[in-house]
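Written out below as structure tokens is the structure these notes cover.
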Amino acid sequence: MKKMSTVVLAGLLSVSLAACGSGGSKAGNTAEGGGSNGGGAGEKVTIELAISKSSQDSAFIQQDLLDEFEQKSNIKVNLQLIPAEQTTTVLQTKLAVEETPDIIQYNLASATTDLNLERNFEILDNEPWASRIVNKDVLSAYGHIYSFHVSQDTGMQGVVYNKQIFEDLGLSIPNNFEEFLQVCEKIKASGVTPVFMPYKDAWAANVWPAAAFADFVAKSDPTFFDELNSNKRKWSDIPEFKTFLQQQYDVYKKGYTNADVLSDSYDMAVGKFLNKEVAMMFMGDWLIEGVAQQDPNMKLGVFPIPSAEGAKLGASPLGGQLFIPKKAKHLKEAKEFLNFLATKEVAQKIVDAKGYVSNFSDVTTPKLPEYKQEIVDKYITPKNTVLTTDAYMLVDRSELYRLLQDQFAGGLTPEDVLKAWDEKFSQLMKDKEIAGF
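Going by the numbering used here, 422 is the number at position 354 of the sequence shown; the sequence numbering is gapless.
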């Protein structure tokens, strides 16, 4: 696991911004090997693609793309939309009882811990598109390609904010927590909700601590994660972690958020920003992309979680990759869908539409959207980013997310959260037979 983590982490921030050359391959190529349980000659086959409801803006499931694939291949892609808060549990169950979808969209770093990547998923090293990949590290673990994506971008996460609201109110990006609270107060006085917290989706409550913890460790305690993962340190050993959890809770308790933080979900976020009901949200730049698709004129940006003076922008592991389970019912057709997405024409269309940094040698990176170019100029190029804690975790984080929810329900203090997570973390590491536990 330690070797695997090193390989994964090494590629997460190696973002190349150079445009690539040209070339191509034909649509409809099928991978060698792999069987199919249905569909004779000319007979339509339906494959199942499982995806979280919070990822419905995924580039790979847009209806025009699915229609084009069906027309060319006579293969229909049926979407299994899973509630965001249940995604990990549902997929774990499906894999365990061998009711596997043909394709799963998930996060590579999480798949290694949540879904037993090596045991459950196909190695894709020899697929027709693999030789054209520019940065294989962001798709790989254990020395093999397990996932598919047309982009080599990492998601950046911090505070997504409405630039126009900031400009209208004469606000500057805050450099620390006290300045952030002052910004919240001015926004609230203008009649706009300062921060939207969609913590019905438990994972969203981890955006603040995942970046804040990592920023502190990188600057003040760089050996912490190695010692944590060898059972020499505990989460509750770092007093600053309690401070960071309290900060996020204080934003809520001071009345700077939506009232129903445990009832409101991530799928409401785009609408909240489009309607100018909220000014900020602790989230990744993928939210900006979702808003821009519906209103290209709305100017959003992202700045670091202001947990400490001069905090760096969080860089989360590349997300939204496609995986093919070993026991997919339609293995051949699932691979054919990836081959379709990987063709020069289709991949270029996706990269252009999403403003991705291309991961194919024959697909050109387009001119980046303003918000992404700003991230490149302000954070990526000057190396003002830090990998979030998710990149260092070897176990399922679902229980941590639930503990963070419990804090907002009023049942746990920051110290309670960390101590409870210490116990669960230790048990999970022991269950995985990690050395030292």
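Quick reminder that beta carbons are idealized off the backbone N, C-alpha and C, glycines included.
Checklist entry - Quick one, are the C-beta atoms of residue 266 and residue 347 less than 8 Å apart? => result One-based indexing of the sequence shown puts residue 266 at position 198. One-based indexing of the sequence shown puts residue 347 at position 279. Taking C-beta atoms as the reference points, residue 266 and residue 347 fail to come closer than 8 Å.
Checklist entry - Around the Cβ of residue 194, are there at least 16 other Cβ atoms within 10 angstroms (buried) or fewer (exposed)? => result Numbered from its first residue, the sequence shown carries residue 194 at position 126. With fewer than 16 Cβ atoms within 10 Å of its Cβ, residue 194 is classed as exposed.
Item to check | Identified DSSP bridge partners for residue 148 | outcome: Start at 1 with the first residue of the sequence shown, and residue 148 comes out as number 80. Looking at the DSSP assignment, residue 148 forms a beta bridge with 118.
Item to check | Three-state secondary structure (DSSP) of residue 267 | outcome: On the sequence shown, residue 267 is found 199 positions in, with the first residue counted as 1. Residue 267 falls in the coil class under three-state DSSP.
Next on the checklist: Measuring only the C-alpha atoms, how far is residue 95 from residue 413?
Outcome noted: For the purposes of this step, residue 95 is taken as the residue at position 27 of the sequence shown. For the purposes of this step, residue 413 is taken as the residue at position 345 of the sequence shown. Residue placement at residue 95 is flagged as unreliable, the pLDDT there being 34, under the threshold of 50; a coordinate-derived value is accordingly withheld.
Checklist entry - Which residue spans inside the stretch 218 to 273 form an unbroken alpha helix (DSSP H) run of at least 4? => result For the stretch 218 to 273, whole alpha helix (DSSP H) runs of length 4 or above, ordered along the chain, are 231 to 236 and 245 to 257.
Checklist entry - CA-CA distance, residue 488 and residue 245? => result Counted from its first residue, the sequence shown places residue 488 at position 420. Counted from its first residue, the sequence shown places residue 245 at position 177. Distance between the alpha carbons of residue 488 and residue 245: 26 Å.
Item to check | Where residue 291 falls, given that 16 or more other Cβ within 10 Å makes a residue buried | outcome: As a first step, residue 291 is located in the sequence shown; it is residue number 223 there, counting from the start. When all chains shown are included, residue 291 counts as exposed.
Checklist entry - Taking the DSSP output, what are the residues bridged to residue 113? => result Numbered from 1 along the sequence shown, position 45 holds the residue referred to as residue 113. DSSP lists 143 as the bridge partner or partners of residue 113.
Checklist entry - By DSSP, does residue 482 sit in helix, in strand, or in coil? => result The sequence position of residue 482 within the sequence shown is 414, counting from 1. If DSSP states are grouped into helix, strand and coil, residue 482 belongs with the helices.
Checklist entry - Shortest alpha-carbon distance to residue 116 belongs to which of 172, 460 and 424? => result Counting from 1 along the sequence shown, the entry for residue 116 is found at position 48. Measuring from the Cα of residue 116, the nearest candidate turns out to be 172.
Next on the checklist: If I follow the unbroken beta strand (DSSP E) through residue 313, where does it start and stop?
Outcome noted: Position 245 of the sequence shown holds residue 313. Taken as a continuous stretch (DSSP letters only), residue 313 belongs to no beta strand (DSSP E), being part of the alpha helix (DSSP H) at 307 to 321.
Item to check | DSSP-derived helix/strand/coil call for residue 74 | outcome: Here residue 74 refers to the residue found at position 6 when the sequence shown is read from its first residue. The predicted model places residue 74 with a pLDDT of 43, which falls under 50 and marks its position as unreliable; any figure quoted below should be read in that light. Of the three classes helix, strand and coil, the one that applies to residue 74 here is helix, per DSSP.
Next on the checklist: By the three-class DSSP mapping on this structure, what secondary structure does residue 461 have?
Outcome noted: Counted from its first residue, the sequence shown places residue 461 at position 393. Note: residue 461 maps to coil in three-state DSSP.
Checklist entry - Is the stretch 396 to 412 close to the stretch 187 to 201, with three or more CB pairs under 8 Å? => result Touching, per the Cβ criterion.
Item to check | residue 282, buried or exposed, once every other Cβ within 10 Å from all chains shown has been counted against 16 | outcome: Within the sequence shown, the letter at position 214 stands for residue 282. Classification of residue 282: buried, given that the 10 Å Cβ count is 16 or more.
Item to check | For residue 402, three-class secondary structure by DSSP | outcome: Along the sequence shown, read from residue 1 onward, the residue named residue 402 stands at position 334. Correct three-state label for residue 402: helix.
Checklist entry - On the three-state DSSP scale, how would you describe residue 477? => result Numbered from 1 along the sequence shown, position 409 holds the residue referred to as residue 477. DSSP, reduced to helix, strand and coil, places residue 477 outside both helices and strands of the structure shown, so it counts as coil.
Next on the checklist: In chain order, what are the residue ranges of uninterrupted beta strand (DSSP E) at least 3 long that sit wholly in the stretch 140 to 209?
Outcome noted: 143 to 150 and 171 to 174
Checklist entry - Using DSSP with H/G/I as helix, E/B as strand and the rest coil, what is residue 327? => result Indexing the sequence shown from 1 puts residue 327 at position 259. Coil, per DSSP.
Item to check | Per-residue DSSP class, three states only, for residue 124 | outcome: In the sequence shown, counting from the first residue as 1, residue 124 sits at position 56. Three-state DSSP puts residue 124 in coil, outside helix and strand.
Item to check | Sub-8 Å separation of residue 208 and residue 388 beta-carbons | outcome: The residue labelled residue 208 in the question sits at position 140 within the sequence shown. The residue labelled residue 388 in the question sits at position 320 within the sequence shown. At the C-beta level, residue 208 and residue 388 stay beyond 8 Å of one another.
Checklist entry - Which term fits residue 369, buried or exposed, when burial requires 16 or more other beta carbons within 10 angstroms of its beta carbon? => result Against the sequence shown, residue 369 aligns to sequence position 301. Label assigned to residue 369: buried.
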